[in-house]
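Beneath this line is the structure, given in structure tokens, with notes to follow.
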Amino acid sequence: MCIPILGTGQQRMTHSKTYLTIHIVKKKKHLGNFQLGSKGMNIWKYLLRKFSVKGPPSSEFHFRSMRRNLDEAFTLNPDALADHFSHWNFKVRRQIRHAADTGHYLLEDKGTTRKFINFDNLVFLPAMIAQFPLLEEEPVNTEVVIGPKAQKPMILKTPIMISGMSFGALSKEAKIALAKASKMAGTSTNSGEGGMLPEEWREAEKYVLQYTQGRFGTFGDTLKRADMVEIKLSQGAKPGMGSHLPSNEVTIEIAMSRRISPGEEAISPARHTDINSPRELSERIEALRELTGGVPIALKMVGGNIEADLQAMLDNNVRPDVLVIDGAEGGIDVGPVFTKDHVGLPLVYSLPKMADFMETHGMKEDMTLIAAGGLRTGADFAKALALGAEAVYIASAAKIAMGCTYNCPCHTGTCPQGIATHDPKLRKRLNPDKTAVKVANFIKAATEEIADIVRIVGKNDVRRLSKNDLRALDSEIARITGVKLV
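Heads up: take any position in the sequence shown, counting from 1, add 140, and you land on our numbering.
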């Protein structure tokens, strides 16, 4: 069944009542609008879920599956509601009520909704007279070498890499689409912690295999096929915690990818239980380097005691080819609200700290630094490069390019776009070939955006971007990043 309307919502609050204005559009023709009160909004929510009607992005309204009254059943513009209810906002009340009802803390999909300081108050300085900008036809080098000192470095046409999203969190079609897109765009894709999906590996030109705490699918045969191995120590949205894929979600294909039995719970511990010291981490890096024939070995970290962690690496000869710093803004299929909001440093804090330490201690000559966590568009990517990264990872941006509307909870398995689901009917909605073109187009456009920024500041290589090309618009972002204040 299909409902031939596209509804767009706009919130209006009058005293204690909340209304939703629905605009009805059919074949691009506006047919009118009407307002819904609390009961009508619940019906609207039901229709969207029942018939998978596509709503507008979450910037206009946001759905949550709750059990009590209006503010829990349907939330419009969470930021406005948070302002309205002040200290005891919707999000806080939701966490308390969930804990009271279940005896467990709240799990939630996607990344944090907390508004961290980000890259928006950093701007690039256009070249004028002291340095002239480049002409549009003048070439800019966007090629990057991942792991330059590795025996088999990974060479990419763009500094934009597709981050780890597992087969299990994403559908088979979504993973294949990402692999195809990475090949079209001249970059790499990443297995995530779900192990190597054979169809995904075949479609990718450059493939990164995550070596995770659960060791799913990371055996000699798969490791030898990887173009880079990424040892995952933690991730931005859930630092210091493991993961759990329930047994009812472990299909035959997922089980084959992870090398476990169908219907078996897939559990990753909080850390690598066979790596208990920096020295053992160093030994594992060397063992993987030898096993794979010299492909880059990466460490994926979260911003914590950055200087102490890097110093421990130096003291114990922990020498990966690549360091990945994942900010607290990173996304996830499902994770605790408290870790997303209150554990780990945002990328704007952790990236400059890591880059400065590496530069001071001579680590940048041997290691590639990759930035990850909530990076959105080419401007964000270019700012990350200017702050010291050589490349960036994208995940949520790639999913949005695939068609994600950011409305449906990823972990429910009901994604109407066929991205985060294993429902055969929903999976059919995602055409890997067409979706791959969209993701590749986004990466190519963002790469050109970076190249144009490089031209504007008067340079000809993405690797030459630096803090000197930026200015901070407020003192706080200047203090955090070390960028000069205007």
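Idealized CB from N, CA, C, for every residue including glycine. Just so you know, these numbers come straight off a predicted model, no measurement behind them.
When C-alpha distances from D466 are compared across Q451, S490 and V458, the shortest belongs to S490. Put simply, the backbone Cα of D249 is about 18 Å away from that of S408. The segment 339 to 346 and the segment 416 to 434 do not touch, with fewer than three beta-carbon pairs separated by less than 8 Å.
In this structure, the beta-carbon distance from E589 to G518 falls below 8 Å. Between the beta-carbon of L262 and that of L610 there is about 5 Å, and that keeps the pair under the 8 Å contact cut. The beta carbon of R419 is closer than 7 Å to those of N456 in its chain, skipping five residues each way along the sequence. Under the three-state reduction of DSSP output, D609 falls in the helix class. DSSP places K323 in the helix class (H, G or I) of the three-state scheme. Exclusion of the five residues before and after S306 leaves G332, E333 and G334 as the residues of its chain whose Cβ lies within less than 6 Å of its Cβ. Closest in alpha carbon position to K315, among K624, I620 and G558, is G558. V488 is positioned such that its CB atom lies closer than 8 Å to that of I620. Excluding its 5 nearest sequence neighbours in each direction, G357 has C-beta neighbours in its own chain below 6 Å: G335, M336, S397, R398 and R399, listed in chain order. A distance below 6 Å between beta-carbons, with the five flanking residues on each side excluded, links F582 to the following residues of its chain, in chain order: A541. Residue environment: G354 is assigned as buried (16 or more neighbouring CB atoms within 10 Å of its CB, all protein chains considered). Beta bridge pairing from DSSP links D466 with V442 and A512.
Spatial neighbours of A290 in its own chain (CB-CB distance under 7 Å, excluding positions within 5 residues in sequence) are listed in chain order as G434, V435, P436 and D461. Cα atoms of L318 and K493: separation of roughly 31 Å, rounded to the nearest angstrom. The beta carbon of P266 lies closer than 8 Å to those of P273, I596 and V597 in the same chain, with the five residues before and after it left out. Our two residues, E404 and Y245, have alpha carbons roughly 24 Å apart in a direct line. Relative to the Cα of A529, the nearest Cα in the group L463, N547, Y546 and L625 belongs to L463.
Beta-bridge pairing by DSSP links M494 to no other residue. Looking at the DSSP output, L373 sits in no beta bridge, so it has no partner there.
Burial state of G502 is exposed, judged by a 10 Å Cβ sphere holding fewer than 16 other Cβ atoms. For K323, the closest alpha carbon among the candidates E345, P572 and D449 is that of E345. For F307, the beta-bridge partners assigned by DSSP are L310.
Taking each of G514, K584, A591 and S615 in turn and checking the Cα distance to E278, the smallest one comes out for A591.
Counted as a single uninterrupted DSSP element, the beta strand (DSSP E) harbouring F264 occupies residues L262 to F264.
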